[in-house]
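Okay, so the sequence shown: first residue is 1 according to this note's numbering, each after it adds one.
Note that beta-carbon positions come from the ideal geometry of N, C-alpha and C, so glycine has one too.
I have placed the structure first, in the form of structure tokens, so that the comments after it can refer back to it.
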Amino acid sequence: MEITYADVKTKAKNLRFKNQAFINGHYVASASGNTFDCINPATGQVLTHVAACDREDVDKAVLAARHAFDKGVWSQTAPEKRKQILLAFADSIEKHQLELALLETLDMGKPISDSLNDVTYAVKSLRWNAEIIDKIYDQIAPTDPNVLALITREPIGVVGAVTPWNFPLYLACAKIGPALVTGNSVIIKPAEQSPLTTIFIAELAANAGVPEGVLNVIPGFGETAGQAMGLHAGIDAISFTGSTEVGKLFLKYSADSNMKRVSLECGGKSPNIVLTDCENLDQVAKQSAAGAFFNQGEVCCAPTRLLVADSIRDELVTKLVNFSKEFQPGDPLDPKTVMGAIVDQTQLQRVLKYIQTGKTEGATLVTGGNQVRQDTGGCFVEPTIFSKVHNAMTIAREEIFGPVLSVLSFKDEAEAIKIANDTHYGLAASLWTNDINKAHRIAKALRAGVVSVNCINSGDVTTPFGGYKQSGIGRESSFYGLEHYLEIKTTWIQLS
Ligand code: NAD
């Protein structure tokens, strides 16, 4: 979408914010009447006051969702009909692309050009899930001829979706799409830092034909609304994306309530291995910098540990520093800006603290490291690169979730694999080599859900995404992404 800075600023000024919960087909205030401030991280200004939902609101949403499910207004609708409604929903999101992108940018600080892309990906994800549902067949088991054993899929029931703040719209749609298309009722809780787009699309879904009670949005804090969802006995499955720490809480909530099914898409500390025989070091540097600094580094699968062969480390670091200059933070509303604001003050302080820890623990700061654009009142950090990092250092072990890249080095392939796998995460990994044998060998040895060879973070809605180890449980996207939302039933019919 071609748009000028002036246009974006004018449209942003005239934007209206939907800020209530969406329960049983209507926007409503929280039961307590409480709200929380929704702040633009690029300016520090309050955009609007959002309903702060809690247990009572979750109870109401579960009641509405369960009622709709039991009545069969959606769960018993023909797959083709669900497909058509979800396609209409996707069309409506596409029609509101600029409005949604503006909301996302104002709410969480990402550049408007990235927000526009996020809307495109959200639409693509919804359409893919909508299209698939009337093309899946159930099965008949190869039993004794006197038996007919049907293996059928059924919606699991009421699904609770809990999302983080870094890709609010895209991640909401990546959960809503497969959960709704399989016939479930959904209650979604967006992160308190960036709830606006999720609230907005609830009405678009209703207007597209999603019946009352089938899609509910509960804005609020994790410790209140999020916990109430995790512990609710009326929720059959939770689909969570967020930190590993909170992911573990959802496993506990499940154990302490109704053993609801839990899928977790959690954190990462992804390795990016560069071998001496890679074809084009400029390309490696360009994509590695982009991977680390895209979305202000607030990306679960960001390649934040760059593992480079000793002999080419210094050459690669020089190139990385050059490419990092393209990521100087700017006004997120400017279509030319490639790096925007960190999501809030808390996250800004966290990132700055990690940078200080990197220095204290003896890593070499080669570029960046500072907060910038302070005069705006916003939360901006320079693209930051540390070299001579060891894998035991805090900045190599913990997820920073900011624009901070650590460069480590290795002697040979075996050491590269050892360092790459020496982490409790396992979300993604990248690998650069011109040797197909090494590519296969190393890709197989890496303990990660997605391995990209000669590229960074590749994949789309047709391929599964998710983590090994403490990066999560389950997969999103592709056919695999539907499994979380379905029960499998065997019906054994004895024939006479
Ligand atoms: P977070 O874990 O703090 O919050 C995620 C969600 O959980 C939010 O909606 C929050 O309100 C809720 N929550 C927080 N505390 C809770 C509690 N005590 N009980 C119930 N719910 C609670 O994560 P974040 O800071 O919003 O997002 C950043 C994290 O998300 C990073 O770790 C990142 O790697 C991860 N992430 C993972 C993926 C993936 O696909 N694997 C994608 C994006 C982000």
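Taking non-hydrogen atoms of the ligand NAD into account, the C-beta of V162 is found less than 6 Å away from one of them.
For D37, the three-state secondary structure derived from DSSP is strand. No Cβ-Cβ contact shorter than 7 Å links A202 with W165. Taking C-beta atoms under 8 Å as the contact rule, I342 and L348 qualify, at a distance of about 5 Å. K411 carries a coil assignment under DSSP once its states are collapsed to helix, strand and coil. The C-beta distance from T35 to A51 rounds to 6 Å, short enough to fall under 8 Å. Rounded to the nearest angstrom, the Cβ distance from D107 to C38 is 7 Å, consistent with a contact under 8 Å. Between the segment 445-460 and the segment 88-108 there are fewer than three inter-stretch CB-CB distances shorter than 8 Å, so the stretches are not counted as touching. As a beta-bridge residue in DSSP terms, A21 pairs with V28. Counting along the chain, I187 sits inside the beta strand (DSSP E) bounded by residues 185-189. A straight-line Cα-Cα distance of about 44 Å links E382 and I85.
Put simply, of L180, T197, A225 the residue whose alpha carbon is nearest the alpha carbon of G213 is L180. For secondary structure counted as the alpha helix (DSSP H) over 4 or more consecutive residues, the segment 218-263 holds these complete runs in sequence order: 227-231, 244-256.
When beta bridges are read from the DSSP output, T77 appears opposite no residue.
DSSP places T346 in the uninterrupted alpha helix (DSSP H) bounded by 345-360.
About 11 Å separates the Cβ atoms of V308 and S406, ruling out a contact at the 8 Å cut-off.
Judged by DSSP secondary structure, L150 falls within the beta strand (DSSP E) whose first and last residues are 147-155.
Of the heavy atoms belonging to the ligand NAD, at least one sits nearer than 6 Å to the Cβ of T241. Residue pairing from DSSP places S387 in a beta bridge opposite T364. The C-beta distance from I235 to V217 rounds to 15 Å, too long to meet the 8 Å contact threshold. In the three-state reduction of the DSSP assignment, S458 falls in the coil class.
Under DSSP, W492 shares a beta bridge with A149. One thing to note: D310 has its Cβ no nearer than 7 Å to the Cβ of N434.
Non-local C-beta neighbours of E315 in its own chain, meaning closer than 7 Å and more than five positions away in sequence, comprise L281, ordered along the chain.
The residue from N454, G426, L427 with its alpha-carbon nearest to that of A439 is N454. A direct Cα-Cα distance of roughly 23 Å separates H67 from F200. For the ligand NAD, no non-hydrogen atom lies closer than 6 Å to the CB of L116. Around the CB of P145, fewer than 16 other CB atoms lie within 10 Å, so the residue is classed as exposed. Rounded to whole angstroms, the Cβ separation of K83 and I133 is 5 Å, and the two are in contact under 8 Å.
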